[in-house]
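Chains F and G, in that order, are what the protein sequence lines are. When we follow my numbering, the leftmost residue of the first sequence carries the number 1, and every step to the right adds one. When we follow my numbering, the leftmost residue of the second sequence carries the number 1, and every step to the right adds one.
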Amino acid sequence: MNQSPLHRTLSRRESLHRMGTGLGMLGLAGILAQDGTLAQAADVNSDNPLAPKVPHFTPRAKHVIHLFMNGGPSQVDTFDPKPALEKYNGQRPPNADLKTERKTGGLLMSPFKFQKYGQSGIEVSDIFPHIGSCIDDICVVRSMHTNIPNHEPSLLMMNSGETQPTRPAMGSWLLYGLGTENQNLPGFVVLCPGKPVVGPQLWSNSFLPGIFQGTHINNSNMEPSKVIRHINNAWLSSSSQREQLDLLKRMNEIHLERRGGQDNPLEARIESLEMAFRMQTEAQQVFDLKQETKETQEAYGPGKFADACLAARRLVESGVRMVQVYYGDGQPWDDHEDIKAHANKAKDVDQPIAALINDLKARDLLKDTLIIWGGEFGRTPVAENGNGRDHNHHGFSMWLAGGGVKGGMTYGATDEFGFAAVEKKVHVHDLHATILHLMGLNHEKLTFRYSGRDFRLTDVHGQVIHELFA
Amino acid sequence: MRSFKVVGVIVAVFAAGVSGSAIAEEPTERAQLEFFEAKIRPVLVQHCYECHAADAKNIKGGLLLDTRAATLKGGDSGPAVVAKNVDDSLLINALRHESFEMPPKGKLPDTVIADFVTWVEMGAPDPRDGGAVAASTINFEEARQFWSYQPIAHPEIPKVQQADWPRNSIDHFTLAKMEQLGLHPVTPAGKTELIRRATFDLIGLPPTPEEVAAFVEDQSSEAFAKVIDRLLSSQHYGERWGRYWLDVARYAEDQAHTFSVTANTNGYRYRDWVVSAFNSDMPYNNFVKLQIAGDLIDVESSHSYDNLVALGYFGLGAQYYKNSDAAKAAADELDDRVDTLTRGFLGLTVSCARCHDHKFDPIPTQDYYSLAGIFNSSKLHNAPLCKPEDVAAYNAGQQRIKTAEEAVKKFLADENSTAAESRVGEIATFMEAVWKYRVASASGQSPNTAEFAKQADISEFLFKRWISFLDSKEKGKVDALDAWFALDSKGAVPPEEVTKVAAEFQQRIQSLLDVRDGVATSNLVEANENEPHKPGSPRFVTPLVTKIRPTAGIDVDIRDAKQLFLVVSEGANGNSCDHSDWLEPRLIGPAGELKLTDLKWTSLEGFGGAKIDRNYEGRKIRVGGKEYSFGIGTHAPSLIVYDLPDGYERFKAIGGLDNSGSDQGGCGEQASIQFSVYTEKPVDGPVGVGEDLLTKVLGKDGPLAVGNDDLEKFLTGEKKEQLTKLRAEQEEAKKTAPAMYPIAHSYAEANVADMKVFVRGNPANQRELAPRRFLTVLAGEDQPLFTNGSGRSELAEAIASDDNPLTARVMVNRLWQHHFGRGIVGTPSNFGKQGEAPTHPELLDYLAAKFIESGWSIKSLHREIMLSSTYQLSSSFSEANANIDGDNRFLWKMSRRRLDVEAWRDALLDVSGRLDRAFGGPSTNLADANNVRRTIYAKVSRHELDSLLRLFDFPDANITSEKRSETTVPQQQLFVLNSPFMVEQAKAFSARVHKEAADNDDARIKQAFLLAYGRPVTDLELELGLAYLGIKSDEQNKLTRWEQYAQVLLGGNEFMYLD
């Protein structure tokens, strides 16, 4: 269906699978070996753990794009309007428990106005007019909560379901459970200009095999020849490199033949070298945003976050399983001093996110692609340092779109002031369970035996929130 | 009637264990108790124990909810719980907010209340009988029958049919198994293959062509034994085998998180200790003991520093982020210790028992906390590796530097503030001079600041600052200068008017100083004679009190007042460093003068409490450098309330910012507070704080201040000499201070205490005591408790004991794994039920027994393993064997292995002639292209592992690793094809071959094969090579044809995989 140059070529393994029905794999390899085409059959026997796998049940989504507003955006200034803040602005109602770790002042009304958008009439802050225009595709969860009001443990929790750096990231779990569709690209890509706080542990495979680790792309500079390490050969022309690789391949084949012509790891590496050669072209193409039409580029607008959103669409379109897009280096949404500073960041993300939703929709990819928006926690409705807000893990908002999620709805609620989730509370574990479910995985069955235990992304927790599904 | 019913139900529920129907009842009871543990106990602990537990500070309503009996008995209002009777259970009533409203902070969620109802309906099952241990259901006697807990046997050497095949006993075990399964060992490895295998195996580097040739030529029967001995005595042996251990020790030099991480820059000492321990063939039991209790063993010996380094096994352990939920983070750290201890040394997954009894192995939760208690009684410790005198000398040196630095700082600060204040009288002069200067500029002249300054007899340096300060761009920044800037908008201004504005401004500063100095008081509350005092509004508010103006006089009329409310509020800069004092507070009137400190306050609120005649920190009150013996020290925000005795009309005091706050660097510079006095409960906040004019004019950015750097220019004569002298002393202190002494990231004894079991791993929910002792399954139910300090020395002995069935087996298996690619037990850190069973249990026992008999010598074990026919098999394929045992679990051939990243990178450097073989020392950076040290010396990070290491399956150092995964991904091949590192090695390799071989490609190719693969080139390969080199290289290429060829040889499978 998709004939774009980015469209993956059917892997040999897959084509062999298709033509090889009824033939024992070993037997087929034997025939090919006699045929002198052994090297081409190299990955028949190699049990490629990244090959697409059958999920537990029919998935609603095939790809995930996680737009990570690192630092923790405030719910009451974005997707959870609270008129009571205006009424009690500056006060601290005596019966309300609004305590967090640091000293905070009275309630602080949002400096932003909210208005209703779409058919659903869901209220969205004025700092997100473009996202507001897509609200009928969006499911806002207003009752998120997590364990700890500090960035590092909460970033780890949102990514790995544990506050210590001892578990694999969700993207790694997805690769482990589902593999990835394009073997010429990494299956789990993390875009961040610079690095979020905590850093690489957020996309770590931890105790899962290294093949499932996330690949960090520093999109400070989206230069296709630089985005993936060593993607480009700076010494040889393409034809000379092909010559060099042909020799290497031939020598590896001689090496293999001398060892009886059958050895999975040796064959896998021969194939992997060829894959790397193809990846040089394909990965550079996928990050070459100039291949997009002017209209598309303009729809996303300028900026690193816009580039990352567009790259995310191209990656997903090329079969990448999970793309995570961090807003920026460090923890930019952490507005302790003045919550009005949210507006600048919102301006950076608003148009690109709306463009991403519309673009995926236009390409009929939104139904297969789950978009997740949110931070590691929310912020207090009370003021800190005058006009800022402190960390708050008791209640915050996230939203989902596409990938089998019901648009134009809100789920759950925080209290009168937007401080704590009170209605239909959704813990991060529940969100993880729900995401895995959308991807066709039972979070209780996706386990990995390590250190004598069957580990899960959701540990011993997690409830799938079926009400969010379309 | 009611009480009868209760007793009846209780008997029915809790007698189940002794009744005849015990077996049938048990599962239900267990499920019920689990319900209690999951749903009820956590809620009680979290929401009720604060006021209703035996150890509560203030037990409310006579009700205890921390035991079953107390809960049933209830408090002042009656039984809290009546089993199976929801209506009569006051606890439910209170949770529902019917008569009582509990917890007082707010109603619990309906689901929680529903759980309590369910619980009461099921009869309120409750195991809390006052400290008794919830019985573990583990049958240890039965559990000990599992193979790994059985004592190490001395199995008989099996007989084999193919009697000429075995070289040593190992072969009898392996061959017997093969014969049993119908397998036949393949042919032995060729000599070139064997020496390459042995060399990589023992030192992680390829053999040199000379070593290969010597071995091939050596026809003696000891030829291979000689190779093994040579390699075992190489210092590179420890670098290879030490690294395997470092995987287990999850060795790293930092922590995973970003904030407040101190890098363990001395971590490399542990790495080097491990390497040396392997090189010296330290008996493994000692190796174990020193890593657990090195600080407690042999402390007087010359090795005692090394012993402290050995503790890096724990000393370099995880330190988690503790800003929030520190209790959980601390428990997680203990888990890191327990996990690394038990999986590393014992092959047991004890951490699985943190929240509940181990689901598969005989490890009760209590055992987990018995071990955790040992670590909880120990602590991380940066141990000096030198005599205490050296530490003292270093500290003294640092103290001297600090003192000298402070002397300079103080001198400058004092000079600066006095200097600025001494010029207040010149303010008007400066301003008039600026005016004239501006007039001159406006009229088109280019006035010279030096001349103007000279004319007015003022400092030119400060004059320039005044010019900027009074520039029209600054309009609006200083309210008190509104009059000045108003002059601007007028046309011609008569000089008298300028003089008047300037004089007024100067006077304003002067009067502020007077207020500060107590010469005058300033009340920001403007008393309006026509308006009566509004109750709840302040009577008196001082201006802002800051470092530059650390005092403010207070004088309040209290004639009609009954109470006195003394408020200190922060002055809009946050609360930091706001150490506040009410200096000399006293009541004055017909009754005489009464020190307020002689009265007792009726209430006290706020941040800092209050201290009589002491500052916030409990030390002598000091404000503006002056000590006060009489006053009240507090910290903003604070409120102190007094009932006023009759007979007094005025309250007088001075508000002061204590030096303990203002001397704290930048924080002290910014500290600002405000004192207000009320005579009724405050309703209105203090009136506007106003601007901090003194800081603006006299502060470090003000026009009268001179920065420390410029101050020297203003100093003359004695002062200048004084500063020069202080500076010289500072330099001298720096020069003479001894350098930092070496330290080890070690481990030490801490407060010794047993832990309690954390119910479901929750530190907030603790149950029975877990005395410090060893694992029950290994030490028995009646084992003695650990009493020697933390118990680490006893723990070390228990693990390193000859009688421990696991320690030797686990280590022998690790060695086997690294020689064969797979352990006899395929899960080297899990010898429990979920682990794999040994393929050769008798062989494992034979080796373990041998290991112990040899005095735990690792090198002897290498020798024995490598001298076996099993080790010396080729890696040839055999279809017949493969059909029976495709995974080669039964060792009919040598499994082909990929080199790990260390050996592969080291070999690349070695073959290209660039490897630096230096031993030990601080870690190096692999990202540095010029780094040619062995890979073991690269920095290992938990936060961000080097990209090369990460790419090639180096384990995550946040957790102990038993074996490496071996993944093949295209990104690895991109490194081979495109990385500067590979290109560098290719260039160097090509250059080396050109240097060493005769001047023709034929000879070069031959030499290249010997170097890279340790074997002669074949005709086909030579032909291919010559053909490739014969093609003309593309002109735009930046590598020669030979360099391209060299890269192919280095990138080949033969370089990466070991037969």
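C-beta atoms are modelled at their ideal positions from N, C-alpha and C, and glycine is treated no differently.
- Cβ-Cβ distances below 8 Å link Pro447/G to Tyr437, Ala440, Ser441 in the same chain, with the five nearest sequence neighbours on each side left out; the list follows chain order.
- For Trp816/G, the enclosing alpha helix (DSSP H) stretches over residues 807 to 820.
- Between Met69/F and Gly375/F the beta-carbon gap is near 4 Å, inside 8 Å, which marks them as a contact.
- Counting only runs of 4 or more residues that sit fully inside the stretch 517 to 555 of chain G, no alpha helix (DSSP H) segment turns up.
- In this structure, Ala114/G sits away from Met102/G, with a CB-CB distance that is not shorter than 7 Å.
- With the rule of 3 Cβ pairs closer than 8 Å, the stretch 823 to 842 of chain G counts as touching the stretch 949 to 969 of chain G.
- Under DSSP, Val439/G takes part in no beta bridge, so it has no partner.
- Selection Ala277/G, Leu65/G, Leu183/G, Leu775/G evaluated against Phe890/G yields Leu183/G as nearest (Cα-Cα).
- For Phe952/G, there is no enclosing beta strand (DSSP E), since its DSSP letter is neither H nor E.
- In this structure Asp390/F does not touch Ile127/F by the C-beta definition: roughly 20 Å separates them, more than the 8 Å allowed.
- For Gly187/F, the secondary structure class from DSSP, reduced to helix, strand or coil, is coil.
- Your pair Ser875/G and Arg896/G checks out as a contact, with CB atoms roughly 5 Å apart and the cut at 8 Å.
- Residue burial is scored here from C-beta neighbours: Val683/G has fewer than 16 other C-beta atoms within 10 angstroms and is therefore classed as exposed.
- Considering only Glu86/F, Glu223/F, Ala470/F, Pro196/F, the residue with the shortest C-alpha distance to Lys367/F is Ala470/F.
- DSSP places Ile217/F in the strand class (E or B) of the three-state scheme.
- Separation of Ser878/G and Met894/G (C-alpha to C-alpha, rounded to the nearest whole angstrom) is 12 Å.
- Within the stretch 38 to 64 of chain G, contact with chain F at the beta-carbon level (separation under 8 Å) is assigned to no residue.
- Beta-carbon to beta-carbon, Ser676/G and Ser569/G are separated by about 7 Å, close enough to satisfy the 8 Å threshold.
- In the three-state DSSP reduction, Trp373/F falls in the strand class (E or B).
- For Gly606/G, the enclosing beta strand (DSSP E) has its first and last residue at 603 to 606.
- Only buried fits Met1056/G, as 16 or more other CB atoms lie within 10 angstroms of its CB.
- Residues of chain G with a Cβ closer than 7 Å to the Cβ of Thr166/F are, in chain order, Asn958, Ile959.
- Contact between Ala907/G and Ser990/G does not hold, since the beta-carbon distance rounds to 16 Å and is not under 8 Å.
- In this chain, the beta strand (DSSP E) harbouring Pro585/G covers 579 to 589.
- A residue is called buried when at least 16 other Cβ atoms come within 10 angstroms of its Cβ; Glu721/G does not meet this threshold and is exposed.
- Identification of chain F residues near Lys1038/G by a Cβ-Cβ cut-off of 7 Å yields Trp235, ordered along the chain.
- When C-alpha distances from Val316/F are compared across Gln331/F, Met275/F, Lys361/F, Ala299/F, the shortest belongs to Lys361/F.
- For the set Pro149/F, Pro193/F, His63/F, the Cα lying nearest the Cα of Asp325/G is the one of Pro149/F.
- In the structure shown, the three-state DSSP call for Ile435/F is helix.
- With a cutoff of 7 Å on beta-carbon distance, Thr100/F and Asn392/F are scored as near each other.
- Ala80/G places its beta carbon 7 Å or farther from that of Thr67/G.
- Listed as beta-bridge partners of Gln280/F by DSSP are no residues whatsoever.
- Using beta-carbon distances, Phe224/G does not count as an interface residue toward chain F, since no partner is under 7 Å.
- Counting the other CB atoms within 10 Å of its CB gives Ser240/F a total of 16 or more, which places it among the buried residues.
- Annotation: the continuous beta strand (DSSP E) that includes Gln674/G extends over 672 to 678.
- Fully contained in the stretch 844 to 871 of chain G are the following alpha helix (DSSP H) runs of length 4 or more, in chain order: 858 to 866.
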